[in-house]
Structure formats: C-alpha cells, structure tokens
Amino acid sequence: MIVAEQKPIGDIAASLGSFKNIVIASCDTCVTVCLAGGEKEALEIQGLLTLCDRESGAERAYTVVNIKRQCDDEFFEGENDVIARADAVLSLACGAGVQFMAEKYRSLPILPALNTKFMGASRGLGYWTEMCQGCGNCILERTGGICPVSRCSKSIFNGPCGGSQNGKCEVSPDIDCGWQLIYDRLRAIGQLDRLSGIIETRDWSTSRDGGPRSLALPDARVGKEDERVV
Amino acid sequence: MKILLAAQKDLKARFSAALIAAGADVTAVDDPEILSAVDGECGAFTYRLGGQPRSAERIVLAGGVNTDPLLSDDEKFSARLDRQHFDRPLVIVAGASGQAPACLTGIALRRALEAVRRRRPAVLFAKDVRTSDADAERLYREARQAGVAVIRCRTIEISREDGRYSVRSSDGVTDTRVDTDWVIDAGAGIAPELAAFAQKLRLRPSAGCDTAGRYWLYPAFTSRRGVSFIDTSLLPMGAIEDAARALARPAAQVKAAHAHVDPVKCAFCYTCYRAFPHAALAPDTAAPAMLVRETACDACGICAAICPANAIELLESPAAKSGVGRGALKIIACEHSAYHAAMAVFDGRPQDYDVCIESVPCCGSVTGRQITSSRGDFDAVLVAACMEDACHHFDGNIRGCVHAKRLIQDMARMGLAQTVAFCNASASMAGPLRREIDRLLDVPAASAL
Amino acid sequence: MSDKSRLQRVLEQGNFSLTTEIGPPMSADAQLVRKKARMLVGAADAANITDNQAAVVRMSSIAAGILASQEGIEPVIQMTCRDRNRIALQSDLLGAWALGARNLLCLSGDHPSLGNHKQAKNVYDIDSIQLLQAVARLQNEGVFLSGGKCRHPPHFFLGATANPFADPSELQLMRLQKKIAAGAQFIQTQAVYDVEAFEQWMARVRALGLHEKAYIQAGIVVNKSVKSIEMTRLVAGMRIPESYIDRMRAAGDAAAEGKAIALELICRLRQVEGIRGIHIMSVGWEEVVPELAGESGLLPRPAAEQEDETV
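Next comes the structure, spelled out in structure tokens:
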C-alpha cells in the first residue's frame, strides 16, 4: 500500500497563496488507510483553515469532495462540476493522484497536501514501514522474502556490510539490518544454500533508472475503445 | 439466563447458589486453565470448557479484593467507630503505594465521611484520589466539605509501637505526621485466578491501579460489555444475593446510543478495530466492512473519531449540554467525571458566566473538527478529559489528549492565539481545570471572532 | 607482463607486510598530502588512501594517491560503491592505472547519513563483491561489465576488507569467502583490540583455508588521546576491551600510552597463525608510524625487488 504523510499545516496554508475558492479533495483508498488523506483529514483541514482565515481576515471558501481513488478517471465524474468552479484544488492524494488530477483539470492548479513516502505494510495501529521500491525485477525468492533493495540501506545484493551490528543498520538503531533479516529468514526456512553463490550485478534499467515506466496489458487492451488514454 | 461464572474458589459455591436461586442457568469454574476460546458478544458468548464448546449470555467474574475488613463491613466499622476516641483521627491510607483503585477510594471516602459526621476526625493519605464517575465526584466534594482532610503525598511511612501508629508522609515540599491508634489500609490485591480469568477474557488492563494483579476491574463494568465483575469483599452481607438477582435478569437491551458503520464508506482498514477497547466491532468480510455489535457497543464514540473515512457515526446520542449557544468559553467534557467537575466549578450554572459545558461519552470521541467548529461559536474551547487511569474506555482520554494537543500545536504554528486548551479534570484534582478556565475566560475581547 | 606492485612483491616473496593509511585533506591542498606521504617513505610497504571515508568530502583517493606516489610511498587506492555507478567506477579504474596506481581496495562505503552531506543520493549501483568480480574479470579476461572488450586492461593487486566483529558472524565469514572467490588477493581487517576474539575468528578463517587463498592483514588503530579511543569505540563493528580505555584514561601521557598499546597489539597479532601483515590506521597521526615500525622490529622494509619475468 502507498504510505504518505500530511505536510505540516503551515506549508499547506502557505501554498494556498491568493486562491479564494478551494476544493479540498480526499482520496478514500491508500491515504485513508494510512490516516493521512481520507475524508476525516479533509474535514479537519477544512475546519482548521477556516478558523485561521477568520483570524487573519482572509476571505476563502473551502469545499470538501471525496474521491474514491484519485488515480482513476471515473471516480471524478460526480464531482466534476464542483471542481470546475474552484480556483485551486488541495489534493490529499498520493503523488499519483495529485498528478492525475493535474492532467485531468488542465487549467486548475492542483496543490499537494501530502508527502508520499513509500510502498509499505502496516505494522500495527498507526505504524507503517517501507517494503518495496518498485525496482521491476523481483528476486524475493532468493532472499527469503526480504528485499535487499528496499530493506538494506545500501541496497547491497551480497550483504551485509561491515556496519551491521546486533541486527541493526549503521544508519540508525531503529533500522533492522536487511541482511540480518534475510539470513534469519533463509535459515528459518532451511534455504541458507541460496546464499552460497554471488548474486550478480543488477539490471537497474527495469527500475526508475530506465526512465518513467508504464504498463500496457495486451490481454485487456483489445478493442478500439481500449486504446483511449485519459 | 445462561451465565458463565468465573469465581474465586471459596466464593464459587455461594455465588453459584445465589445465581441459581435467582433463576439463572449457571456454569461455574474456579480454575482458569480449563477455560479457553472465549469469543462473542453480550448475549451471545461462546467458550470452551475443558475442550467442550459452550455458550452463555453473560459472564460474571466474582472475587474478593484483599482489603481491610473494616472497609467493607458496615456493622464492624460502626462498632469500631463508636469506640474511637473523639480526638484521635481515623487515618485511611491508600495502600502502601499511596494509590488505591477508584472503587476503594469511594469506599474510603464514604467511611471517612461517616467518621466525620459522627464527630471523629478523618484523614485520607493518598498520592491522588481517583474519582471516575458522577457519584465519586459528588462524594469527594461532600467529604471535603464535611471536613475530611485529604493529604496528598509522594511517600507514606507507617510505624507502629504498642498499638499506636505514626503516619509520616511527604509530598516533596511539606512533611506531615499524624499519630493515632486507628489506621485502615485501602490498598488492594486481586486474587491470581481472577487475573488469569481476566486475561482469558481479553479484558483490557488498566495501568494505574496495579497492586498484586496486573488487571484492575472497575466494579460493575469491565472493558467488555456482558462481562461483569462483582467484588464480593465490598458487598455487605446479603448483598451477594441482591447482586445475583440483578445479574440473572435478561441482558441489557441495545443502548439508545450506539455506533453505526456505513459499509460503503468503510475502507476496511481495521483502524477502529485496533484502536478501541470494547469488543464491539467485528469484520464482515462479505460486505466488506466493519460491523458494530450493538449489544456490545458502549457508545464511547472513539471509533467514530478515529475512522479516517468518516464512516462511523453515533446514532441517537443525546449530549448533555448546559449553558449558552455562543459565548466566551465552551467546555467539551467527558460525561463520567470531567463534566461533573466542570459543572461544579460554575456551581451548576455555567450560563451565568457565558459558558457552555457539553458532555461527550469520552474525550476520545472528540475530533479536531469538533473543536474548530466550537471555536467558531465561542472565544475559547477547553477539552476536559477524565484523569489518567480513570477513563472508562481505558485510553480514550489519552487519545483525546493527543488529538487536542496536536490541534493546539498546529494552531500555534499558524500564528493563532492560544484559545484552545486541554486538561485532565476531576473534582479531586480541580487545580488544572480551574487554572485553564481562568486563563481562557481572561481572553481579551480583541481576539473574539 | 606489467610490473607488480611493491605490496604484492613483498607478500608473494614471503615477507610480513606493513601498510598504513593516509586520509586525504578536506581541501584541494596538494602540499598536505605530500607532507604526510614524506613522513611514511620507507616506513611502510604501501599506504591506503581513503575514499571519502565516513561519507565526508575529501580529496579523491586516486588524486591523493598519485601525489603520495610522487613523494615515494606506494598508494593503495580505495574505491567505494557509494558514490559512483559502474560507468564511473570502471572509468576511474582505467585512469588510476594509467596514472601509475597498482593496488586497489574495494569497499561498500559508509552510508551518507553518517557523513557531512546527508542529503546526497546514494549510488550503490553495484556492491563491493560485485565490484571485485567486475575488476577481476576486467583484469583477467579484458572484458568490461557490459561485455565489451578492453584492449589494455589494468592489473591491480586486488584487496577487500573483513570485519571479524560484525554481525551475523556466519554470514560475514561467508562474505569473506565470496570476496576471495570473486578475486580479492589481499584482505585488510577492521581494527583489532580484542586479540582473543580475533584469534577465535582466525581459527574459523583457517578452518576454511582462506588464509592460504588470500593474504590476510590485521588492522590496528593508534589512538593519540582519550577522545580518540572513545570516538573509535563508536564506529559500528568495533570491539574494544574496557582495559584499554581505562589505560588511556589513567595515563599521564595519553599519546605515549596509545603508542604502547599499539606496540603490544602489533606484537601479539604477528603471532597469530595466518596473519601475513599489519595495517596501521594512525588516524592522522602519521609521525607515529615510522616509530611503531621501528620499535616493533619491522624496519627496514624488505627490498622485494621486481623479479625478472623474462627467462
């Protein structure tokens, strides 16, 4: 799941500049689950900004709209009219949603309210950790299901480095050494032999290093209608 | 009424008999080992006894809390009080740790009040006095007004010589010493089998009132609806039969106020399920959404406040409100304890001070939106939660505190004046409450909206 | 066949090697490097030139290494994987060889979060084992990582590091094996203070036969002050018995005590079976290296002439 975090309220307020009619758009999927940009957060921001405007004398109007997913076209249909009347949209979606809206509403400034952080998993209430970097070339079967790209601070493929101590990374005692985790896991599933060979140099061109990526599935894109790109 | 009775060994027979006499169908256990897999909700619990699946409508924990017998026995106390010399005080010490759980504090205050009414001085030594509901709030004020001396201390030392006690205490600044011949210890210990049962029932632990056991259960309510705890050492003789009759009655009906989840909006993120203490939410994978078990819902509102999709609301929640609709100060206070403390500050008439006091089921249910919205109508807003470890919803007051403080911090960062505040409140610890009220009512007219 | 480096000749001819370290300056001042290098001429077989150690920006290892060699001390160029991708790494190697460098040590590199440019992007295109493998292949087969031919490849004396005290120890030993299998010809260990623990580690190394496959050199750090030994203790993977810290604290002349401790360690480490050399990290205190070399009987350094290859 995509995990994002709200920007400091001061930064959000500063980005509103001289806009008068602002639509606050929540996204009801990933950022709701990570408690950053759901309907509740949108209402909280609306309440706080309204209060601040009254104190400062700024004249702004805020309307909250809730979009199920800001990365899919159809979900905007019901709110198009409202959005069209705005001067700017404060989007509580992840980076994908903010950009999608920016493409869709060409003449409307779309402002991000969140900092998108990582693809991760929930570790308990209110706590998520980074798991996947989207490198496009998954080798998790060779490392016991623990990713050396995302979980090792140096993305070492033949780790650990000399800074691993008591299972923690030299970067911070809060970060587990990814290779300690890999070693423990491989030992637990009886696959330590996976470590006997040297893992070869990685082809990073499948990752973001090869340029922005896209995915087009021929099975789905069959008819003329499917060639439509939003 | 099918009841599972989990009782302390020496009480099992008597309590069981009392429940049966009251018409209940009782299964009684005194050994925590044979109980397992407890699940379900008030009115429909399931469990396994020695591997055999069973069901019950209600679960009752019954046990004695080890405490001074004079605290619990009316006749014995009265007789002893008669013999007490007029100028030797009754000293009640809130346990060796200086901290007595809420229910025992109530008993201690009642005894102290009784003593004072019969013209014997009474002194209560405590680290703090935990009042956690309306009755306790009232009792505390009554006791203080009648002349019970409550001495706050950090350390207590009791020494005894020839039947005379010397009680020394210090609060870090002042030392106090009282010499007397009558000291009652209002500390408590809970039987280990009761603690084991509490664990099996997945009752939430309360951190503050820990003496022998890790779990402290408020009398009459636990963190799970349908599971009751009867402290038999606090019941006068004959009251066990009364308690049994009350428990044998049909299970509580759906409360007028309860939570409801909108399955369309629900993101099925499990935030509510993880966050809140009562076992009243269950996942409905078919929907998929969270489902509220209405008979188990305590209508605390914490789930509604924390839901990021704004998918939960409290239905038919009558909020007690006293005071004006717009004005100088709005106090949002927890209905159990803080509300009464706040009302007492204004002698029951907040409207005379241009103040409104609104009660909520728990401060954990207060959202930032609610606060900013109130701030729209009032010059200042105070969120008053129950004291630490006195929350009926275990950490609801902490959630309320964290949310309110985050909002206060955001407002400060935006350059707004400090017109929103948070404090823990009870009649027994009115200092912080009064200070905040004074500060907020002093807000100059210039920042009024 | 090109000339072998002095360090390689010393070791291959059966001598006990002595290497040390020069930390390049945080400036473009060539004189500073020359001054340090001059102090070490004749006192060691070669000197490591660190590569932005601790992720702090310093003059590059290759540049400082060439300055050092001009003053008469042979450099061991260090290359970390942190700052350069495979294109830059291979490119710099070609240049280093062309400028006369003959020894190369491959490292992962300390993470930027530990240094003075915490906002830098980490490169880590390939890891240190993959780098060793790539350099070995370039040297032995004349082929770049791309598969393309290199007409005039380098022939560095290739080295890697080992940390006897890092976790998990089984995996660290496995890694040492891989480094040697990938092409490492000499190994320099992380600084040793706890000789007993080091001896236990060496026993496991010998059991795997690794001491015969690569020249293992034990590292030591020389501390000039109490603060120095306390800072050393904070480095990840360092293990220092309390007695050394106490000695430094109690000493009237901490520098003299630090030197005495180093001498003891050199003496004990020379006895460890499988150790073929000592690597002294003087942490900027270059003056002490010739003294240590002399007082531990390691001077003069062997002649180790270039062997006549032609028959």
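Going down the list, the protein sequences come from chains X, D and S. Number 121 in our numbering belongs to position 121 of the first sequence; there are no gaps in the numbering. Numbers given in our numbering equal positions in the second sequence, counted from 1, plus 1000. Numbers given in our numbering equal positions in the third sequence, counted from 1, plus 2000. Using N, Cα and C, we set each Cβ at its ideal position, and we do this for glycine too. Fair warning: this is a prediction, and the values are worked out from it, not measured in the lab.
Note to self: Let me see if you follow: with CB-CB separation under 7 Å, is E79(X) close to chain D or not?
What the structure shows: Output row for E79(X): interface = no.
Helix, strand or coil: how does DSSP classify P173(X) here? Note: P173(X) maps to strand in three-state DSSP.
- Message: DSSP has K1330(D) in a bridge; who is on the other side?
- Response: Its beta-bridge partners are C1356(D), V1381(D).
Would you say V171(X) lies against chain S (beta-carbon separation less than 7 Å)?
For V171(X), the nearest beta carbon of chain S is closer than 7 Å to its own beta carbon.
According to DSSP, is I199(X) helix, strand or coil?
-> Three-state result, I199(X): coil.
Given a cut-off of 7 Å, decide if A1056(D) and I1003(D) are closer than it, judged by their beta-carbon atoms. Contact flag set, yes.
Fill in: Beta-carbon proximity of A2160(S) to C2081(S), cut-off 7 Å
No, Cβ-Cβ distance for A2160(S) and C2081(S) is not below 7 Å.
Counting only beta-carbon atoms, is T143(X) nearer than 7 Å to chain D? Nearest CB-CB separation between T143(X) and chain D: not below the 7 Å threshold.
Rounded C-alpha distance that separates T1180(D) from S1078(D)
If I take the Cα positions, the gap works out to 18 Å.
TODO: In angstroms with no decimal places, state the Cα-to-Cα distance between W204(X) and P212(X).
DONE: Looking at the two C-alpha atoms, the distance is approximately 13 Å.
**For N21(X), the residue or residues it bridges with in DSSP** = When DSSP reads this structure, N21(X) sits in a beta bridge with A61(X).
Check: What runs of the alpha helix (DSSP H), each 4 residues or longer, lie entirely inside the region 2086-2114 of chain S?
Finding: For the region 2086-2114 of chain S, whole alpha helix (DSSP H) runs of length 4 or above, ordered along the chain, are 2086-2098.
Can you tell me whether F1047(D) is helix, strand or coil according to DSSP? According to the sequence as given, residue 1047(D) is Tyr; it is not Phe. In this structure, Y1047(D) counts as strand in the three-state DSSP scheme.
Next on the checklist: For the pair the region 30-40 of chain X and the region 1301-1320 of chain D, tell me if three or more CB-CB distances fall below 8 Å.
Outcome noted: In this structure the region 30-40 of chain X lies against the region 1301-1320 of chain D, because at least three pairs of beta carbons, one per stretch, are closer than 8 Å.
ask   = Three-state secondary structure (DSSP) at V1292(D)?
value = Strand.
Grab me the residues of L2265(S)'s own chain with a C-beta within less than 6 Å of its C-beta, minus the 5 sequence neighbours each way, in chain order. The residues are I2220.
Under DSSP, the alpha helix (DSSP H) around V2076(S) begins and ends at which residues? Boundaries for V2076(S): no alpha helix (DSSP H) harbours it, while the beta strand (DSSP E) harbouring it runs 2075-2080, taken from the DSSP string.
Are there three or more Cβ pairs, one per stretch, closer than 8 Å when the region 1255-1267 of chain D is compared with the region 1006-1021 of chain D?
No: the two stretches stay apart, fewer than three of their Cβ pairs being nearer than 8 Å.
* Asked: Which ranges would you report for the beta strand (DSSP E) in the region 2038-2074 of chain S if only whole runs of at least 3 residues count?
  -> Within the region 2038-2074 of chain S, the beta strand (DSSP E) runs of at least 3 residues that lie entirely inside it are, in chain order, 2046-2049.
DSSP has H1258(D) in a bridge; who is on the other side? Per DSSP, the beta-bridge partners of H1258(D) are L1315(D).
**Request:** Determine whether the Cβ of V33(X) lies closer than 7 Å to any Cβ atom of chain D.
**Result:** The C-beta of V33(X) comes closer than 7 Å to at least one C-beta of chain D.
* **Helix, strand or coil at V2272(S) according to DSSP, with G and I counted as helix** => Look at V2272(S) here: in three-state DSSP terms it is coil, with no helix or strand label.
Restricting to Cα atoms, I'd like to know which of R1048(D), P1283(D), Q1418(D), L1035(D) is closest to T1372(D).
Nearest Cα to T1372(D) within the set R1048(D), P1283(D), Q1418(D), L1035(D): Q1418(D).
| task | Return yes when at least one heavy atom of the ligand ATP lies under 6 Å from the C-beta of R2086(S), else no. | result | In the structure shown, the ligand ATP is absent, as is every other ligand, since no ligand is present at all.
Q: Please state whether DSSP places P1053(D) in a helix, a strand or coil.
A: Of the three classes helix, strand and coil, the one that applies to P1053(D) here is strand, per DSSP.
| request: Using a Cβ cut-off of 7 Å (strictly closer), state whether L2279(S) contacts chain X. | output: Looking at the sequence provided, one finds His at residue 2279(S) rather than Leu. Answer no: the Cβ-Cβ gap between H2279(S) and chain X never drops below 7 Å.
For this session: For E103(X), count neighbouring Cβ atoms within 10 angstroms of its own Cβ and tell me buried if that reaches 16, exposed if not.
Result: Counting C-beta atoms within 10 angstroms of its own C-beta, E103(X) has fewer than 16 neighbours from the protein chains shown and is therefore classed as exposed.
Going along the chain, which residues of its own chain have a beta-carbon closer than 7 Å to the beta-carbon of S2128(S), five neighbours each way excluded?
-> Correct list, in chain order: C2081, C2106, L2107, S2108, A2160.
Report task. Starting from the C-beta of F100(X), find all residues in its chain whose C-beta is less than 7 Å away, skip the five residues before and the five after it, and write them out in chain order. Result -> Cβ contact annotation for F100(X) (same chain, cutoff 7 Å, sequence separation greater than five): Q70, C71, in chain order.
For V2226(S), I'd like the list of residues in its chain whose CB is within less than 6 Å of its CB, leaving aside the five on either flank, ordered along the chain.
-> Only M2248, R2249, A2254 meet the Cβ criterion.
I'd like the span of the alpha helix (DSSP H) that includes Q2133(S), first residue to last.
Residues 2128-2141.
**Message:** Count Cβ pairs between the region 2144-2156 of chain S and the region 1411-1426 of chain D that sit closer than 8 Å; are there 3 or more?
**Reply:** Pairwise C-beta distances place the region 2144-2156 of chain S out of contact with the region 1411-1426 of chain D, as fewer than three of them are shorter than 8 Å.
**Prompt:** Can you list, in chain order, the residues of its chain whose CB lies under 7 Å from that of G2183(S), leaving out five sequence neighbours each side?
**Reply:** Here the set comprises L2132, Q2133, V2135, A2136, L2158.
* **Rounded C-alpha distance that separates P218(X) from C138(X)** => Rounded to whole angstroms, P218(X) to C138(X) spans 22 Å at the Cα level.
| Contained beta strand (DSSP E) runs [length at least 3] in the region 1362-1437 of chain D, N- to C-terminal order | The beta strand (DSSP E) runs lying completely inside the region 1362-1437 of chain D and spanning 3 residues or more are 1378-1385, 1420-1424, given in chain order.
For L2145(S), return the contacting residues in chain X, with the cut-off set at a CB-CB distance below 8 Å. The answer, in chain order, is T201.
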